[in-house]
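Trainee: Before I ask anything, let me first share the structure, which is written out below as structure tokens.
Protein chains: 2
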Amino acid sequence: MANKASSRLEWRINVPDGTSKVLELESGAVGKIWVGLKGCMAIIVWKVWKVLENAWHIGVADPRKVIHCIKVGLALTIVSLFYYMRPLYDDFGGNAMWAVMTVVVVFEYTVGATFYKCINRVIATFLAGALGVGIHLVAEQSGDQLKPIILGISVFLFASAATFSRFIPSVKARFDYGAMIFILTFSLVSVSGYRVVELFELAHLRLSTIAIGTSLCILVTMLFCPVWAGCELHHLIHQNMEKLADSLDGCVTEYFKENGSEEDLNKKMQGYKCVLNSKAAEESMANFARWEPTHGRFNFRHPWKQYLKIGASLRNCAYCIETLNSCISLEIQAPPCLRKHFSNKCMKASSYSINVLKELAITIMKMKKSSNIDVKVAEMNFAVEELVDALKSLPTTHFIATTTTGEESTKAKAEGVEGSEHPSPIMKVLPLVKVVSLMVEIATRIGGVVNAVEELARLAEFKAAEDGKPKQNQPTDKLVSDH
Amino acid sequence: MANKASSRLEWRINVPDGTSKVLELESGAVGKIWVGLKGCMAIIVWKVWKVLENAWHIGVADPRKVIHCIKVGLALTIVSLFYYMRPLYDDFGGNAMWAVMTVVVVFEYTVGATFYKCINRVIATFLAGALGVGIHLVAEQSGDQLKPIILGISVFLFASAATFSRFIPSVKARFDYGAMIFILTFSLVSVSGYRVVELFELAHLRLSTIAIGTSLCILVTMLFCPVWAGCELHHLIHQNMEKLADSLDGCVTEYFKENGSEEDLNKKMQGYKCVLNSKAAEESMANFARWEPTHGRFNFRHPWKQYLKIGASLRNCAYCIETLNSCISLEIQAPPCLRKHFSNKCMKASSYSINVLKELAITIMKMKKSSNIDVKVAEMNFAVEELVDALKSLPTTHFIATTTTGEESTKAKAEGVEGSEHPSPIMKVLPLVKVVSLMVEIATRIGGVVNAVEELARLAEFKAAEDGKPKQNQPTDKLVSDH
Numbered sequence: 001m002a003n004k005a006s007s008r009l010e011w012r013i014n015v016p017d018g019t020s021k022v023l024e025l026e027s028g029a030v031g032k033i034w035v036g037l038k039g040c041m042a043i044i045v046w047k048v049w050k051v052l053e054n055a056w057h058i059g060v061a062d063p064r065k066v067i068h069c070i071k072v073g074l075a076l077t078i079v080s081l082f083y084y085m086r087p088l089y090d091d092f093g094g095n096a097m098w099a100v101m102t103v104v105v106v107f108e109y110t111v112g113a114t115f116y117k118c119i120n121r122v123i124a125t126f127l128a129g130a131l132g133v134g135i136h137l138v139a140e141q142s143g144d145q146l147k148p149i150i151l152g153i154s155v156f157l158f159a160s161a162a163t164f165s166r167f168i169p170s171v172k173a174r175f176d177y178g179a180m181i182f183i184l185t186f187s188l189v190s191v192s193g194y195r196v197v198e199l200f201e202l203a204h205l206r207l208s209t210i211a212i213g214t215s216l217c218i219l220v221t222m223l224f225c226p227v228w229a230g231c232e233l234h235h236l237i238h239q240n241m242e243k244l245a246d247s248l249d250g251c252v253t254e255y256f257k258e259n260g261s262e263e264d265l266n267k268k269m270q271g272y273k274c275v276l277n278s279k280a281a282e283e284s285m286a287n288f289a290r291w292e293p294t295h296g297r298f299n300f301r302h303p304w305k306q307y308l309k310i311g312a313s314l315r316n317c318a319y320c321i322e323t324l325n326s327c328i329s330l331e332i333q334a335p336p337c338l339r340k341h342f343s344n345k346c347m348k349a350s351s352y353s354i355n356v357l358k359e360l361a362i363t364i365m366k367m368k369k370s371s372n373i374d375v376k377v378a379e380m381n382f383a384v385e386e387l388v389d390a391l392k393s394l395p396t397t398h399f400i401a402t403t404t405t406g407e408e409s410t411k412a413k414a415e416g417v418e419g420s421e422h423p424s425p426i427m428k429v430l431p432l433v434k435v436v437s438l439m440v441e442i443a444t445r446i447g448g449v450v451n452a453v454e455e456l457a458r459l460a461e462f463k464a465a466e467d468g469k470p471k472q473n474q475p476t477d478k479l480v481s482d483h
Numbered sequence: 484m485a486n487k488a489s490s491r492l493e494w495r496i497n498v499p500d501g502t503s504k505v506l507e508l509e510s511g512a513v514g515k516i517w518v519g520l521k522g523c524m525a526i527i528v529w530k531v532w533k534v535l536e537n538a539w540h541i542g543v544a545d546p547r548k549v550i551h552c553i554k555v556g557l558a559l560t561i562v563s564l565f566y567y568m569r570p571l572y573d574d575f576g577g578n579a580m581w582a583v584m585t586v587v588v589v590f591e592y593t594v595g596a597t598f599y600k601c602i603n604r605v606i607a608t609f610l611a612g613a614l615g616v617g618i619h620l621v622a623e624q625s626g627d628q629l630k631p632i633i634l635g636i637s638v639f640l641f642a643s644a645a646t647f648s649r650f651i652p653s654v655k656a657r658f659d660y661g662a663m664i665f666i667l668t669f670s671l672v673s674v675s676g677y678r679v680v681e682l683f684e685l686a687h688l689r690l691s692t693i694a695i696g697t698s699l700c701i702l703v704t705m706l707f708c709p710v711w712a713g714c715e716l717h718h719l720i721h722q723n724m725e726k727l728a729d730s731l732d733g734c735v736t737e738y739f740k741e742n743g744s745e746e747d748l749n750k751k752m753q754g755y756k757c758v759l760n761s762k763a764a765e766e767s768m769a770n771f772a773r774w775e776p777t778h779g780r781f782n783f784r785h786p787w788k789q790y791l792k793i794g795a796s797l798r799n800c801a802y803c804i805e806t807l808n809s810c811i812s813l814e815i816q817a818p819p820c821l822r823k824h825f826s827n828k829c830m831k832a833s834s835y836s837i838n839v840l841k842e843l844a845i846t847i848m849k850m851k852k853s854s855n856i857d858v859k860v861a862e863m864n865f866a867v868e869e870l871v872d873a874l875k876s877l878p879t880t881h882f883i884a885t886t887t888t889g890e891e892s893t894k895a896k897a898e899g900v901e902g903s904e905h906p907s908p909i910m911k912v913l914p915l916v917k918v919v920s921l922m923v924e925i926a927t928r929i930g931g932v933v934n935a936v937e938e939l940a941r942l943a944e945f946k947a948a949e950d951g952k953p954k955q956n957q958p959t960d961k962l963v964s965d966h
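Chain order of the listed sequences is A and B. Read in the working numbering, the first sequence has 362 at position 362, and its numbers run on one by one without any break. Remember, the working numbering sits 483 above the position in the second sequence when you count from 1.
Listed below in structure tokens is the structure:
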């Protein structure tokens with residue numbers, strides 16, 4: 001209530017003093033409605049403005065989306081020609097509707113999705129049409145009384161079965177749209193068969209118009225700035241790798257930095273969140289990518305499924321970085337001398353890990369086997385081992401430090417036993433130990449990414465990079481699991 | 484090549500010796516084709532069998548999916564009546580196609596999704612139809628030469644704009660289907676307007692048939708075993724909470740257990756993976772749930788968005804449990820005496836954490852404020868504090884142990900400096916420290932889940948549980964962030 005009153009007050013304040021009498025009159029029922037209407041209008045205008053602003057940003061961020069819209073408009077305008085031009089009308093006119101409908105329903109953002117829908121639509125229409133005509137012929141011979149019953153039962157059975165097939169994951173991934181079109185066409189053919197005598201004519205016309213619609217879609221989507229689902233997936237995986245490397249860099253730098261946090265670093269650190277949430281996008285792109293013909297550097301049978309495995313191994317790393325990220329905001333910090341001791345080692349391990357990730361990102365981007373990934377993995381493992389060694393020597397140095405200054409040692413001991421307010425030695429070391437052990441775990445998981453990328457290189461037959469020395473046949477996974 | 488040969492050999496072995504002459508003849512071109520065909524057939528039969536087996540399991544696991552298929556068949560059979568029955572034919576016959584099409588396209592698994600599509604379809608058809616007729620009237624008055632140009636440009640512009648609107652996240656979430664139907668109807672009306680004079684008649688007929696199709700869908704989906712998206716989301720969140728509790732229990736038990744791993748425990752531990760991957764499902768369900776009318780315990784304006792926040796906080800816990808899960812398989816194990824010392828404390832902290840999760844799950848399930856969640860959170864925090872205290876006292880006990888046996892102490896010291904093969908003291912403690920610190924972090928994150936659930940209880944106005952004492956007004960987040 002208080003909010004409402006204050007909003008009305010605001011409306012009044014905006015009106016100049018001279019019209020205060022009018023305002024008093026307005027405060028009746030009409031006035032309230034008027035004020036309410038003005039408020040509603042303002043909210044609607046504001047919301048529309050926000051949506052438009054949002055749309056503008058989306059268009060600027062990815063102009064291909066704008067191009068896609070122009071492509072849809074273009075395809076629809078071309079298909080309208082089937083109505084405008086007289087000679088075409090005589091053949092398809094009455095059924096041109098199906099061509100329009102096909103373009104609207106089938107035209108998707110990526111080439112793969114368009115292909116998926118086109119192929120599904122054509123095959124499902126053909127199958128359902130043939131089946132519908134067959135059942136119609138059987139029903140025709142059973143007499144007028146049985147005919148509606150046979151048709152009704154067949155619609156019920158086939159529709160139920162096709163609907164159920166959409167729940168099966170392997171069917172859903174490839175033929176979900178086809179199953180729907182099958183139900184649609186079969187119902188239409190069975191049902192309209194009851195009235196329309198020229199069933200073959202109808203089926204022929206519908207198939208032709210759908211063929212025209214689908215081929216137009218495929219032409220437009222492939223000729224004007226095509227967006228390939230495969231390329232998008234490839235790019236997404238490459239980007240996620242870069243983001244993961246940046247996040248790791250950001251987190252470790254943030255933890256060991258001397259001064260306050262920078263805005264720029266914070267943004268960099270959040271990259272792993274994209275990796276955590278990209279599973280659904282990766283899966284749908286991989287599904288569409290396998291429908292795409294050979295394009296650019298990708299063959300028809302490019303191992304898209306392996307990209308999903310790389311994605312999963314990247315997410316595996318991201319989980320660890322998420323935990324690492326929560327460590328760096330802990331209040332208890334390790335003592336400066338210890339931090340400095342570990343800072344170099346940890347930064348070194350993280351920078352070598354980042355090197356591996358960046359090298360993998362380059363491998364993916366260039367689609368060429370890296371000549372020195374083995375060296376970089378070995379460097380990473382060596383740095384991680386050094387870090388582990390530093391950790392191993394920690395209690396001894398601590399022990400030496402306490403024995404040299406006897407007084408402090410007994411003080412610390414007393415504190416430990418009594419559980420004083422001053423953080424005990426292990427609590428001081430704990431966050432650092434956590435960061436170090438997470439760093440080790442992240443390096444292990446990067447090993448998983450290396451394996452997944454090597455498997456991709458093998459499956460997709462990446463060529464060796466031109467510059468470097470020949471790649472040694474040493475298995476990388478052995479190196480990775482060594483430490 | 485070797486594989487092929489061996490497969491041919493197998494085919495031969497299966498044939499009795501008497502027909503060896505025939506086999507030799509078959510080994511020509513015809514024989515190869517025959518063998519190949521048999522192989523293909525076997526593969527196809529095997530694949531179809533696998534799909535059917537899979538379908539059977541899906542049906543048994545969730546009979547509601549089978550019921551859904553029957554519902555679709557039923558709705559389609561009913562809508563076919565518009566063709567079979569004479570009196571109806573006179574009114575709608577020619578356009579009954581649209582009713583059939585509406586049922587096929589609009590009927591979805593959950594009530595919310597069906598509502599979403601129905602409402603989108605009706606509104607978009609109406610808007611696009613009105614706009615199409617308006618533009619048609621304008622074009623009519625501009626003369627025969629300008630008419631196709633005006634119609635073409637309007638189709639291009641509106642189709643492009645509507646396509647672009649589908650890229651805006653807020654529009655996509657609510658009106659994606661509507662935007663597609665808008666393009667479809669607008670194109671059809673503009674294009675067919677060029678030929679058909681009775682445009683108003685057509686529009687009226689199409690709207691009536693769509694209205695019949697949508698109302699039939701809504702009736703069938705709501706009357707026969709309705710599946711509510713809201714209920715599904717509610718159930719999913721509840722189940723994820725239970726799974727997370729089980730995973731945590733499984734991981735901690737597995738780490739501190741004495742004997743080998745059990746099959747049962749392993750399965751229990753994997754529950755967190757479902758939580759990691761349920762984001763997409765949660766979002767789509769929440770999107771559909773807001774279209775649903777009041778049902779069961781849920782109002783029309785139930786705070787479904789808050790469920791997404793609970794889901795996010797659960798995933799936050801799951802990330803930590805994922806890291807915890809990777810700790811328990813580490814090779815270096817802490818010495819038995821230390822493990823035993825921490826085992827009780829850690830099991831206690833984990834069991835109190837699980838208690839909190841289970842209590843929250845009950846709160847969600849019963850939709851009643853828990854009377855003792857504050858007590859349980861306090862217990863969890865107390866157990867975690869005890870665990871932290873045990874950790875604090877760790878270096879001192881270790882220190883005392885080394886001073887009592889002087890020989891061992893110097894030995895350990897020498898080992899630490901030299902980096903010997905025997906694991907150094909800190910390496911022995913490290914996995915344990917990691918598990919303990921992850922346990923602390925998980926308890927913090929469970930605090931986040933508690934806050935999200937309390938916010939839901941506030942927004943959805945959960946009633947207090949009948950049994951217990953009145954809920955104290957103490958803010959839980961303070962308790963949680965205390966330790």
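Idealized CB from N, CA, C, for every residue including glycine. Note that the structure is a prediction, hence the values are computed from the model and not measured.
With a threshold of 9 Å between beta carbons, is PRO169/A in contact with chain B?
Mentor: By 1-based counting over the first sequence, the position of residue 169/A is 169. Taking Cβ atoms only, chain B reaches closer than 9 Å to PRO169/A, which makes this a yes.
Trainee: Is LYS823/B near ALA873/B, with beta carbons less than 9 Å apart?
Mentor: Here residue 823/B is taken as the residue at index 340 of the second sequence, counted from 1. Here residue 873/B is taken as the residue at index 390 of the second sequence, counted from 1. No.
Trainee: Which residue wins for smallest C-alpha separation from VAL450/A, given the options ASP374/A, ARG301/A, ILE149/A and SER187/A?
Mentor: As a position in the first sequence, residue 450/A is number 450, starting the count at 1. The residue with the shortest Cα to Cα distance from VAL450/A is ASP374/A.
Trainee: Measuring CB to CB, does ILE362/A end up less than 9 Å from GLY311/A?
Mentor: For the purposes of this step, residue 362/A is taken as residue 362 along the first sequence, with counting starting at 1. For the purposes of this step, residue 311/A is taken as residue 311 along the first sequence, with counting starting at 1. No; because the gap between Cβ atoms is not below 9 Å, this pair is not in contact.
Trainee: Give me the subset of the stretch 587 to 600 of chain B whose CB atoms are less than 9 Å from a CB atom of chain A, sorted by chain position.
Mentor: Answer set for the stretch 587 to 600 of chain B: VAL587, VAL588, PHE590 and TYR592.
Trainee: Runs of 4 residues minimum, wholly inside the stretch 709 to 776 of chain B: which ones carry the alpha helix (DSSP H) assignment?
Mentor: For the stretch 709 to 776 of chain B, whole alpha helix (DSSP H) runs of length 4 or above, ordered along the chain, are 712 to 739, 746 to 752, 754 to 759 and 762 to 772.
Trainee: Give me the residue from LYS751/B, ILE666/B and LEU559/B with the minimum Cα distance to GLY152/A.
Mentor: The residue given as residue 152/A occupies position 152 in the first sequence. Comparing Cα-Cα distances from GLY152/A to each of LYS751/B, ILE666/B and LEU559/B, the minimum goes to LEU559/B.
Trainee: Is ALA947/B helix, strand or coil by DSSP?
Mentor: For the purposes of this step, residue 947/B is taken as residue 464 along the second sequence, with counting starting at 1. Correct three-state label for ALA947/B: strand.
Trainee: Short check: CB of PHE783/B to CB of THR777/B, under 9 Å?
Mentor: Looking up residue 783/B in the second sequence gives position 300. Looking up residue 777/B in the second sequence gives position 294. Yes, the pair counts as a contact, with Cβ atoms nearer than the cut-off.
Trainee: Do you know how far the Cα of TRP49/A is from the Cα of ALA935/B?
Mentor: The count along the second sequence starts at 1 and reaches residue 935/B at position 452. The count along the first sequence starts at 1 and reaches residue 49/A at position 49. Distance between the alpha carbons of ALA935/B and TRP49/A: 32 Å.
Trainee: Three Cβ pairs or more, each shorter than 8 Å: is that satisfied between the stretch 158 to 176 of chain A and the stretch 107 to 114 of chain A?
Mentor: The answer is no - the stretch 107 to 114 of chain A does not touch the stretch 158 to 176 of chain A, with fewer than three Cβ pairs under 8 Å.
Trainee: Using a 10 Å radius around the Cβ and a threshold of 16 neighbouring Cβ atoms, would you call LYS305/A buried or exposed?
Mentor: Walking along the first sequence from the start, residue 305/A turns up at place 305. When all chains shown are included, LYS305/A counts as exposed.
Trainee: Which value, in whole angstroms, describes the spacing of the CA atoms of LEU614/B and PHE669/B?
Mentor: Position 131 of the second sequence, counting from 1, holds the residue named residue 614/B. Position 186 of the second sequence, counting from 1, holds the residue named residue 669/B. Distance between the alpha carbons of LEU614/B and PHE669/B is about 7 Å.
Trainee: Does the CB of GLU967/B have a neighbour CB from chain A at under 9 Å?
Mentor: Nothing in the structure corresponds to residue 967/B, since chain B is present only between 484 and 966.
Trainee: Which of the three DSSP states, helix, strand or coil, is assigned to PHE590/B?
Mentor: For the purposes of this step, residue 590/B is taken as the residue at position 107 of the second sequence. Three-state DSSP puts PHE590/B in coil, outside helix and strand.
Trainee: At which residues does the alpha helix (DSSP H) containing ASP389/A begin and terminate?
Mentor: As a working note, residue 389/A is residue 389 in the first sequence. From DSSP, the alpha helix (DSSP H) with ASP389/A extends over 373 to 392.
Trainee: Give the straight-line distance between the Cα atoms of SER190/A and VAL562/B, rounded to the nearest whole angstrom.
Mentor: Here residue 190/A refers to the residue found at position 190 of the first sequence. Here residue 562/B refers to the residue found at position 79 of the second sequence. Rounded to the nearest angstrom, the two C-alpha atoms are 12 Å apart.
Trainee: Is the shortest distance between the beta-carbon of LYS243/A and the beta-carbons of chain D less than 9 Å?
Mentor: In the displayed structure, chain D is absent; the protein chains listed are A and B.
Trainee: Would you mind telling me which residues of chain B sit closer than 9 Å to ILE58/A, beta carbon to beta carbon, in chain order?
Mentor: Residue 58/A sits at position 58 when you count from the first residue of the first sequence. Those are PHE647, PHE650, ILE651 and PRO652, listed as they occur along chain B.
Trainee: Assuming LYS852/B contacts ALA947/B under a Cβ cut-off of 8 Å, what Cβ separation, rounded to an integer in Å, is found between them?
Mentor: For the purposes of this step, residue 852/B is identified with residue 369 of the second sequence, where counting begins at 1. For the purposes of this step, residue 947/B is identified with residue 464 of the second sequence, where counting begins at 1. At roughly 5 Å, the Cβ-Cβ gap stays under 8 Å, so LYS852/B and ALA947/B are in contact.
Trainee: Would you kindly check if the distance between the Cβ of THR214/A and the Cβ of MET97/A is under 9 Å?
Mentor: The count along the first sequence starts at 1 and reaches residue 97/A at position 97. The count along the first sequence starts at 1 and reaches residue 214/A at position 214. Against a cut-off of 9 Å, the Cβ pair of THR214/A and MET97/A comes out as no contact.
Trainee: Please state the DSSP three-state secondary structure of HIS540/B.
Mentor: Locating residue 540/B in the second sequence gives position 57, where the first residue counts as 1. If DSSP states are grouped into helix, strand and coil, HIS540/B belongs with the helices.
Trainee: I want to know whether the stretch 795 to 809 of chain B touches the stretch 755 to 766 of chain B - three or more CB-CB distances under 8 Å.
Mentor: Contact between the stretch 795 to 809 of chain B and the stretch 755 to 766 of chain B is present, because at least three Cβ pairs lie under 8 Å.
Trainee: Keeping to the same chain, check which residues put their C-beta closer than 8 Å to that of LEU74/A; ignore five residues upstream and five downstream.
Mentor: Working through the first sequence from its first residue, we reach residue 74/A at position 74. Excluding residues within five positions, the ones whose Cβ falls inside 8 Å are VAL220 and PHE224.
Trainee: Do CYS231/A and PHE298/A count as a contact pair if the criterion is CB distance below 9 Å?
Mentor: Along the first sequence, read from residue 1 onward, the residue named residue 298/A stands at position 298. Along the first sequence, read from residue 1 onward, the residue named residue 231/A stands at position 231. In contact: PHE298/A and CYS231/A (Cβ atoms closer than 9 Å).
Trainee: Residues of the stretch 680 to 692 of chain B with a CB closer than 7 Å to any CB of chain A: list them in chain order, please.
Mentor: Listed by position along the chain: nothing, the set is empty.
Trainee: Span of the alpha helix (DSSP H) holding PRO818/B?
Mentor: Residue mapping note: residue 818/B aligns to position 335 of the second sequence, counting from 1. Unbroken run through PRO818/B: none, as it is neither H nor E.
Trainee: Taking all protein chains shown into account, do 16 or more other C-beta atoms lie within 10 angstroms of the C-beta of ARG773/B, making it buried, or fewer, making it exposed?
Mentor: Locating residue 773/B in the second sequence gives position 290, counting from the first residue. Under this definition ARG773/B is a buried residue.
Trainee: Assign GLY178/A to one of two classes, buried (16 or more other C-beta atoms within 10 Å of its C-beta) or exposed (fewer than that).
Mentor: By 1-based counting over the first sequence, the position of residue 178/A is 178. It counts as buried.
Trainee: Kindly indicate if chain A contains any beta-carbon less than 9 Å away from that of LEU706/B.
Mentor: For the purposes of this step, residue 706/B is identified with residue 223 of the second sequence, where counting begins at 1. Answer no: the Cβ-Cβ gap between LEU706/B and chain A never drops below 9 Å.
Trainee: Using only alpha-carbon positions, find the residue among LEU913/B, CYS601/B and CYS810/B that is nearest to GLU737/B.
Mentor: Translated into the one-based positions of the second sequence, residue 737/B becomes position 254. Ranking LEU913/B, CYS601/B and CYS810/B by Cα distance to GLU737/B puts CYS810/B first.
Trainee: Residues in its own chain within less than 7 Å of LEU699/B by CB, not counting five upstream and five downstream?
Mentor: Numbered from its first residue, the second sequence carries residue 699/B at position 216. So the list reads ALA558, ILE561, VAL562 and VAL586, once near-sequence residues are dropped.
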